[in-house]
Amino acid sequence: MGKYNDVYQLFRDMFGEKIVDKIYDNFSGSSIYFPSKLYSKEYVLSKIQENMDHLTIRELARLTGYSERSIRRMINEIKDR
1 MGKYNDVYQL
11 FRDMFGEKIV
21 DKIYDNFSGS
31 SIYFPSKLYS
41 KEYVLSKIQE
51 NMDHLTIREL
61 ARLTGYSERS
71 IRRMINEIKD
81 R
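Going left to right, the sequence shown walks through residues 1 to 81 as UniProt numbering numbers them.
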């Protein structure tokens, strides 16, 4: 039996008690959604633009976590600017 409720115990195991206390103080009672994509679209577009001349579509997809189809769409968006 742990000291904390399930999600707080998981966070304690990952980050330590001080971080759990901060999370609790700032977010207790809140519902928090974590998007499946870590990076903003603007950041991804900038990374694609930096690398699209020397990486393949597949490599760009792997780098950003987006599908090859999404990468193609973003490259077209960059070219249309």
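C-beta atoms are modelled at their ideal positions from N, C-alpha and C, and glycine is treated no differently.
(message) So, with DSSP's three-state summary, where would you put D80?
(response) DSSP places D80 in coil when its eight states are reduced to three.
(request) Within the UniProt domain "Mor transcription activator" (13-79), note down every full alpha helix (DSSP H) run reaching 4 residues or more, in order along the chain. (result) Under the rule that a run must span 4 or more residues, the alpha helix (DSSP H) segments found entirely inside the UniProt domain "Mor transcription activator" (13-79) read 17-27, 41-51, 57-64 and 68-79.
(request) Just mark I32 as buried or exposed, buried being the case when its beta carbon has 16 or more other beta carbons within 10 Å. (result) Counting of Cβ neighbours within 10 angstroms places I32 among the exposed residues, the total staying below 16.
(message) Can you tell me whether Y4 is helix, strand or coil according to DSSP?
(response) Note: Y4 maps to coil in three-state DSSP.
(request) Can you have a look at Y43 and say buried or exposed, based on whether 16 or more other CB atoms are within 10 angstroms of its CB? (result) Exposed, because fewer than 16 other Cβ atoms sit within 10 Å of the Cβ of Y43.
(request) Taking all protein chains shown into account, decide if I48 is buried (16 or more other Cβ within 10 angstroms of its Cβ) or exposed. (result) Using a 10 angstroms sphere on the CB of I48, the tally of other CB atoms reaches 16 or more, which defines it as buried.
(message) Given this structure, state the Cα-to-Cα distance separating I23 from D13, to the nearest angstrom.
(response) Here the alpha carbons of D13 and I23 stand approximately 14 angstroms from one another.
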